[in-house]
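Asker: Right, I'll just put the structure down here and ask away after.
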Amino acid sequence: MNIDGTKDTIISVANKLFSRFGFHKTSMDEIAKVARKAKGSLYYHFASKEELFKEVITKEIENLKNQLSAIVTNTNYSADEKLRNYLYKRMEILNITSCYHETLKADFFEHFHFIDDLRTDLDNWEKENLKSIINQGADSGQFEINSQIDILLDVILMVMKGLEIPFFLQNKYEKYAPHFDGLIKILNKGLAR
Numbered sequence: 021m022n023i024d025g026t027k028d029t030i031i032s033v034a035n036k037l038f039s040r041f042g043f044h045k046t047s048m049d050e051i052a053k054v055a056r057k058a059k060g061s062l063y064y065h066f067a068s069k070e071e072l073f074k075e076v077i078t079k080e081i082e083n084l085k086n087q088l089s090a091i092v093t094n095t096n097y098s099a100d101e102k103l104r105n106y107l108y109k110r111m112e113i114l115n116i117t118s119c120y121h122e123t124l125k126a127d128f129f130e131h132f133h134f135i136d137d138l139r140t141d142l143d144n145w146e147k148e149n150l151k152s153i154i155n156q157g158a159d160s161g162q163f164e165i166n167s168q169i170d171i172l173l174d175v176i177l178m179v180m181k182g183l184e185i186p187f188f189l190q191n192k193y194e195k196y197a198p199h200f201d202g203l204i205k206i207l208n209k210g211l212a213r
């Protein structure tokens, strides 16, 4: 197996183990054992368990960005359809990103400082993409925005992030997912002209 294949195997196994047992209860020894790789092979690719966990989170975030980008760049959707699809897809994907959930739990008990840059990057990425959708809506006459678009974007992001705790840590996603339309209608009405 080539070096990239080994690295991908390690990441895949680490994702499964971190998802199942959490960051603290998963050891590099266990990852090496399940991946059928020498422990030295793990340390060849990743200097620490934190670095490996960060790579797993990076992959989850890349998947999220790729799927959301497809919505943002889709020219067949109106702005309100993009916003609706974006919010649905975001919550759907985050519902299955169990390593990301681990970082949400950590915020209450300890802080995974080694992924702060990933979170900041995701926040900035989301703001830019939501801004693109809102500007499309303003340009087409669907949305009315004022000069406070940056504050609006911060509020939208706070609302979305605020939903992550009950949805993903308190396992209420399935209960509330059928009601996303109501939330999205409120958001779209608030933006509507």
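Numbering (this note's numbering), first residue to last: 21 to 213. Cβ atoms here follow ideal geometry from the backbone N, Cα and C, with glycine treated the same way.
(1) How would you label L100, buried or exposed, when you count the other beta carbons within 10 angstroms and need 16 or more for buried?
(2) Which two residues bound the contiguous alpha helix (DSSP H) that contains H65?
(3) For F43, which three-state DSSP category applies?
(4) Counting along the chain, where does the alpha helix (DSSP H) carrying F73 start and finish?
(5) What does the Cβ neighbour count give for N35, buried or exposed, with the cut at 16 atoms within 10 Å?
(6) Of the choices L84, N83 and K59, whose alpha-carbon is the least far from that of L72?
(7) From this set, N191, Q190 and E146, which residue's C-alpha is nearest A177's C-alpha?
(8) Please classify Q156: is it buried, with 16 or more other beta-carbons within 10 angstroms of its beta-carbon, or exposed?
(9) To the nearest angstrom, report how far apart I135 and Q162 are at their CA atoms.
(10) Looking only at its chain, what residues have a beta carbon closer than 8 angstroms to the beta carbon of K85, apart from the 5 residues adjacent to it on each side?
(11) Tell me the rounded alpha-carbon separation between K53 and L107.
(12) Which whole-angstrom value describes the C-beta separation of F188 and L114, a residue pair presumed to lie in contact below a C-beta threshold of 8 angstroms?
(13) Hey, could you find the ends of the alpha helix (DSSP H) K195 is sitting in?
(14) Counting C-beta neighbours from all protein chains within 10 Å, is the total for A55 16 or more, i.e. buried, or is it exposed?
(15) For the alpha helix (DSSP H) that contains N208, what are its first and last residues?
(16) To the nearest angstrom, how far is the alpha carbon of H44 from that of L207?
(17) Under the assumption that I81 contacts L138 (Cβ atoms under 8 angstroms), give the Cβ distance between them as a whole number of angstroms.
Answerer: This is what the structure holds:
(1) The question names Leu, yet the displayed sequence has Asp at residue 100. D100 comes out buried.
(2) K59 to H65
(3) coil
(4) K69 to V92
(5) buried
(6) K59
(7) For the sequence presented, residue 177 should be read as Leu rather than Ala. Per the Cα distances, E146.
(8) buried
(9) 37 angstroms
(10) L142 and W145
(11) 39 angstroms
(12) 6 angstroms
(13) Y193 to Y196
(14) buried
(15) F200 to L211
(16) 38 angstroms
(17) 6 angstroms
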